Structures are given as C-alpha cells and as structure tokens.
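Colleague: Residue numbers (our numbering): 19 to 145.
A virtual CB, placed ideally from N, CA and C, is assigned to each residue, including glycine.
On a predicted model such as this, the values are computed, not experimentally measured, just so you know.
After the structure tokens below, expect a handful of questions from me.
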C-alpha cells in the first residue's frame with residue numbers, strides 16, 4: 019500500500035485508508051487464494067464478491083516477484099492505473115498468496131521431494 023499511496027500523493031490524490039477495512043482485506047485475500055488454488059486468473063464473481071466484501075474496484079495480478087513488481091505492473095496498465103488514481107476511492111484492501119508446489123517422485127523405491135517456488139497471486143480492491 020505504501021507504493022500505491024505514494025503514487026497517489028505525487029498525482030495529487032488523497033491516500034487510501036487500509037486500516038479498519040478488514041472485510042475488504044478478507045475479500046481480496048480470499049480471491050487471491052481462490053485464483054491460486056484453481057489456477058484461474060480472472061475477475062470472476064466480481065459483482066457477488068464486491069457486494070459481500072464492500073468494494074467497487076479491483077486489480078488482480080499473477081506471477082510477479084513481490085509488492086514492488088506488482089505495483090509497477092499495475093501502474094503500466096491503463097485500467098489498473100485508473101483504479102489506483104480514482105478520486106472516488108478512499109478505502110482499500112489487499113491480499114496476496116503464494117502457494118508452493120511440492121511434488122513427490124519415487125526413484126528406485128526411494129521417495130524424493132521437490133519443492134518449487136509457487137506463483138504469486140494478488141488482489142487489490144478499492145471503495
């Protein structure tokens with residue numbers, strides 16, 4: 019949120035409030051978990067989720083390395099940038115998840131476990 023609010027301030031927008039928005043954070047996190055578990059990267063069920071968790075805008079991301087790269091990608095996209103800079107938004111919620119992929123194989127009767135770094139999924143919601 020630090021990157022988003024810094025960007026909003028240099029673009030003469032009020033900072034977003036994330037404290038006191040637990041429903042929005044919960045909705046963002048649950049959507050990120052769902053995308054990761056189903057490997058479905060989309061805004062599906064947006065209307066249903068936005069009503070349940072009380073938000074009006076949403077940015078999603080997949081495959082970035084961390085907060086800065088997520089923000090940089092959103093900033094380069096016109097639609098995502100418009101959400102970040104929307105003057106009618108005052109509150110925000112974020113949720114990121116990285117599910118690790120663990121595979122187990124058997125070689126000559128011995129089990130070997132391979133751990134792979136999972137893909138990062140993120141959701142940023144606005145109201």
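Given a cut-off of 8 Å on the beta-carbon distance, is the pair residue 49 and residue 97 in contact?
Modeller: Contact flag unset, no.
Colleague: Whole angstroms are fine: how far does the CA of residue 128 sit from the CA of residue 36?
Modeller: The alpha-carbon atoms of residue 36 and residue 128 are separated by roughly 49 Å.
Colleague: Measure the C-alpha to C-alpha separation of residue 76 and residue 46 and round it to an integer number of angstroms.
Modeller: The alpha-carbon atoms of residue 76 and residue 46 are separated by roughly 9 Å.
Colleague: Terminal residues of the continuous beta strand (DSSP E) containing residue 142?
Modeller: Residues 138–144.
Colleague: Quick check on DSSP: helix, strand or coil for residue 78?
Modeller: Note: residue 78 maps to strand in three-state DSSP.
Colleague: Residue 116 lies in the beta strand (DSSP E); which residues open and close that run?
Modeller: Counting along the chain, the beta strand (DSSP E) containing residue 116 begins and ends at 110–116.
Colleague: Taking buried to mean at least 16 other C-beta atoms within 10 Å of its own C-beta, is residue 108 buried or exposed?
Modeller: The residue in question, residue 108, is exposed, as its Cβ has fewer than 16 Cβ neighbours within 10 Å.
Colleague: Helix or strand or just coil, what does DSSP make of residue 28?
Modeller: Residue 28: helix per DSSP, three-state reduction.
Colleague: How should residue 136 be labelled, buried or exposed, when 16 other C-beta atoms within 10 angstroms of its C-beta is the threshold for buried?
Modeller: The residue is exposed, with fewer than 16 neighbouring Cβ atoms inside 10 Å.
Colleague: Which residues in the same chain have their Cβ closer than 7 Å to the Cβ of residue 44, if we skip the five residues on either side of it in sequence?
Modeller: So the list reads 71, once near-sequence residues are dropped.
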